[in-house]
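I have placed the structure first, in the form of structure tokens, so that the comments after it can refer back to it.
There are 2 protein chains.
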Amino acid sequence: MVRTLNIDCLNSVGQDVLVKGWIKARRDMGKIVFLDMRDRSGLLQIVIVPKLLDVASRGFLEKLKPEFCLSIVGTINKREKPNLNLETGEVELLANRIDILAEAEVLPWELGAEMKMDTFLDHLPLNYRDDKNRAIFKIQAEITKIFRDYLVEQGFTEIQFPKLISSAPEGGANVFTLDYFGAKAFLAQSPQLYKQIMVGVFERVFCIGTVFRAEKHNTNRHINEYTSLDFEMGFIEDPRDVLKVQLDVLRAIIKNLQEKCSAEFELLKATFPNLPVNVPILKLREAQALIKKEFGEDCTKEPDFEPHQERWLGEYAKRTWNSDFVIVTHYPTEKRPFYIMDDANDVGFTKSFDILFRGCEIVTGGQRLNDCSALVEKIKKFGLKSQDFSFYLEAFKYGMPPEGGTGMGLERLTWQMLGLDSIKQATLFPRDQGRIDLVLEK
Amino acid sequence: MVRTLNIDCLNSVGQDVLVKGWIKARRDMGKIVFLDMRDRSGLLQIVIVPKLLDVASRGFLEKLKPEFCLSIVGTINKREKPNLNLETGEVELLANRIDILAEAEVLPWELGAEMKMDTFLDHLPLNYRDDKNRAIFKIQAEITKIFRDYLVEQGFTEIQFPKLISSAPEGGANVFTLDYFGAKAFLAQSPQLYKQIMVGVFERVFCIGTVFRAEKHNTNRHINEYTSLDFEMGFIEDPRDVLKVQLDVLRAIIKNLQEKCSAEFELLKATFPNLPVNVPILKLREAQALIKKEFGEDCTKEPDFEPHQERWLGEYAKRTWNSDFVIVTHYPTEKRPFYIMDDANDVGFTKSFDILFRGCEIVTGGQRLNDCSALVEKIKKFGLKSQDFSFYLEAFKYGMPPEGGTGMGLERLTWQMLGLDSIKQATLFPRDQGRIDLVLEK
């Protein structure tokens, strides 16, 4: 007998089917046992009337409990009272025969129970079976899909970038080091140099991959390994071309999530963000002046925001422009990596931008230096050695058009999109200083 | 003026357009200069009649050479003699005005020139601008897209797996080690344990990501960092369910490449593989007996093949069954990782399979142990500590259905699909023992 998915039972009224899944809940009502059974397509109500069950199955009926994996043969009936909260709520399965595919120990808590972050993280393999956690990563899978589909449509080519690198373009402080057959290698902090090289080849490229930051922060917005959604495009006029693609990507993500994941958003009590046609855009120093005026804190001498200042900006933007996003441009030259282009019309500042989403930076981007000699000069000015970048520089020796791009943190986007407490809840297997799956022994 | 892509010039006859791209070739025919200009959509012929050009552009006409980035305004005309080898061959652009967006040094060789592998690798940023190399990675991008699209359609959920891990499930020999905030961490050799955990959550999952092997091999089929295309699925009957999905994925890849990349295959003189309805499937020992009989070499005592034996099998399968693929099953228990299920009907052998493609293993898969206590026992039998796997084991404590999956090397698949000499030609930025981009100083 071929397996029927729970969702397809809707079209099988009066028929005998074979279904497979996990017990989500068991309810004993007198002699009748009801099971909610979960498979990848959703839930189905199983009705077990012991006397209608084959003898073998009757023997282990008592032991069936949450997270047992079962295979059940039975008849699909229309329910007298449909359950409107369930996609398959118009039908139920009356069981004839049950097979246990795998047993489960007694759950230490009900799925979805509140607990401390450490307990939550210690038991992800169990905790992820809860509907809410499943919803988070369903949404995350959708986000990556939309990101890719949208960029492919716009003529971008996907590339696989390397994670083992020999120099650290984003600065040496936050980089993991390893022994590589007797030489020193680093773990990539971004796909930056490689996606730029590939602009010379494909003009427009994107990549989705793991990057690593050896940061000692232990906050609700930092993790040491994350997924970066990057694109890079050539033949731009200025950073606005890059910004437009980035905002269109975000628009596509929001629109598609509204169409495909509204049930998941409802379950998570998450609100779809507002990304207005005219997103507020401020130079860093304008944003700093605004913070001084509105919140009374003087950060005008600083090269970047503190987290609470980003939150203030987010709140202000929501209140004032009804926007969940704020674009901040013109970060100072010395605080951005060497490959960022300076703005000739605003000396000391760069053609860079960040996008803050609900008060947290989720995107960094800008226009890059594409002139080879200017790039060499800037590398030296930053105290780096141009020979360490000779491989990269070759792409610029042979014709690199004006170009730019962005990097967006998948987990940060997911976290802010869903209003979760910590980015760790939006990271499938989060790594922090003290933990790789479990707490590390040091 | 908005930029027109080269390919769209076909629909702009008689109109003035702005195009942007790289010079691929320059031909001087008396006073007239012809350029082949490349952008992401393809090539376009540019006709430059100096007296019809604005004065400023005339000044630098002489210096234009391959890989300069240009912006050109001109009129699209129908060609008298269409170039049938070019997608835009029915039209050409008569230039009015040229702007140089970036200059290029004189190329050290013509793009596509033959050279030693080391020279090729030293200059990837330049060499990748050649059409053939671009074709390889266009095809690779298509493969990842088809893999994902096909599995999403089959109800699989995409996951992001971690690359920093705390234990090495595939065995400790080939693993890179690093210092992780004072603790020891490893680089993932596969997403194996995580995709299995997630079967408990989503039933069917897939992932595409980088994995690392600290192997000292220096062959045409080994690299130290590669992209693994993985899936894992629950509620299977036996390994054939897994094999079916894997073969269907391969079928989808071949079919879609035939539809979308036939020009690239032609350029690379590559032949689409034949994947028959009934792919030859042999137990390891049957394949070894066949090798003994056909090729006179006795490897019947070995737990796996040598590369030349895989090649023999590939040749034999092509000759005998007209199949570019061979499935080999039942590898011995002690030579497969602990998580593989033994075949109760064939003691000492596992429910595992490899798929050889044109004489090289590209897929490894099988059914996994899903019973928690059997798993714990096997871990111990393999001399590993079950407490090192307690996080993973939790997924099995709470109901894991019969499940299995596969891993496929993206670069190996691309390499064999296109009949390239070395896997390095199918790896965007290949790492080997002695090289990360450039040769390492040790």
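First to last, the protein sequences are chains Z and G. No gaps in the numbering here: position 8 of the first sequence is 8 in my numbering, and each next residue is one more. No gaps in the numbering here: position 359 of the second sequence is 359 in my numbering, and each next residue is one more. C-beta atoms are modelled at their ideal positions from N, C-alpha and C, and glycine is treated no differently.
query: Do G:Q416 and G:C360 come within 7 Å of each other at the CB atom, strictly closer than that value?; result: yes
query: Applying the criterion that 16 or more other CB atoms from any shown protein chain within 10 Å of the CB defines a buried residue, is Z:F68 buried or exposed?; result: buried
query: Got a sec: is the Cβ-Cβ distance from G:A263 to anything in chain Z below 7 Å?; result: no
query: So the candidates are Z:H222, Z:F206, Z:F391, Z:N278; which of them puts its Cα closest to the Cα of Z:V152?; result: Z:F206
query: Would a check of beta-carbon distances place G:E90 closer than 7 Å to chain Z?; result: no
query: Counting only beta-carbon separations shorter than 7 Å, does Z:M408 have a partner in chain G?; result: no
query: Is it right to say G:W312 is buried, meaning 16 or more other beta carbons lie within 10 angstroms of its own, or is it exposed?; result: buried
query: Closer than 6 Å by C-beta to Z:T427: which residues in its own chain qualify, once you throw out the five before and the five after it? Chain order, please.; result: I223, E411
query: Return no unless some Cβ of chain Z is closer than 7 Å to the Cβ of G:Q189.; result: no
query: Establish whether the CB of G:V277 and some CB of chain Z are separated by less than 7 Å.; result: no
query: Does the Cβ-Cβ distance between G:E92 and G:V47 come in under 7 Å?; result: yes
query: Based on the DSSP secondary-structure assignment, which residues constitute the bridge partners of Z:A185?; result: Z:L178
query: Compile a chain-ordered list of the residues in the region 214 to 235 of chain G whose CB is closer than 7 Å to at least one CB of chain Z.; result: E225, T227, F235
query: What residues of chain Z sit near G:D371, judged by a beta carbon separation below 8 Å?; result: A102
query: Might you give, ordered along the chain, the residues of its own chain that have their beta carbon closer than 7 Å to the beta carbon of G:I254, omitting 5 neighbours on each side?; result: F272, P273, L275
query: For Z:W22 and chain G, any beta-carbon pair shorter than 7 Å?; result: yes
query: Contact check, Z:I197 vs Z:A395 under 8 Å by CB: the rounded distance?; result: 4 Å
query: Kindly say whether Z:Q416, judged by its beta-carbon, lies nearer than 7 Å to any beta-carbon of chain G.; result: no
query: At 8 Å on the CB atoms, spell out the chain G contacts of Z:S166, in chain order.; result: I436, D437, L438, L440
query: Rounding to the nearest angstrom, what Cα-Cα distance links G:G21 and G:G296 in this structure?; result: 57 Å
query: Kindly give me the distance between the Cβ atoms of Z:G365 and Z:G404, rounded to whole angstroms, as I take these residues to be in contact under 8 Å.; result: 7 Å
query: Work out the CA separation of G:E90 and G:S262 for me, nearest whole Å.; result: 21 Å
query: Which of helix, strand or coil does DSSP assign to Z:V49?; result: coil
query: Would you say G:Y128 faces chain Z, with C-beta separation under 7 Å as the test?; result: yes
query: On the three-state DSSP scale, how would you describe Z:T329?; result: strand
query: Residues bridged to G:Y398 by DSSP?; result: Z:A104
query: May I ask which residues mark the beginning and end of the alpha helix (DSSP H) holding Z:Y316?; result: 307 to 321
query: Examine the Cβ distances between the region 26 to 46 of chain Z and the region 111 to 120 of chain Z and report whether three or more of them are shorter than 8 Å.; result: no
query: Which residues in the same chain have their Cβ closer than 8 Å to the Cβ of Z:G14, if we skip the five residues on either side of it in sequence?; result: T75, I76, N77
query: Suppose the cutoff is 7 Å on Cβ atoms and the five residues either side in sequence are ignored; what does the same chain contact list for G:E264 look like?; result: A135, K138, I139
query: Confirm, please, whether the CB-CB distance from G:P401 to G:S234 is below 7 Å.; result: Ser is not the amino acid found at residue 234 of chain G; the sequence shown has Gly there. Yes, the pair counts as a contact, with Cβ atoms nearer than the cut-off.
query: Less than 7 Å between CB atoms is the rule here; does G:L111 satisfy it with respect to chain Z?; result: no
query: Between the Cα of Z:V49 and the Cα atoms of Z:V363, Z:V277, Z:S41, Z:K31, which residue gives the shortest distance?; result: Z:K31
query: Just grab the DSSP bridge partners of G:A168 for me.; result: DSSP, once it has assigned bridges, lists no residue as partnering G:A168.
query: With 9 Å as the limit, tell me which residues of the region 3 to 14 of chain Z have their beta carbon closer than that to any beta carbon of chain G; keep them in chain order.; result: R3, L5
query: Between which two residues does the alpha helix (DSSP H) carrying Z:C372 extend?; result: 372 to 381
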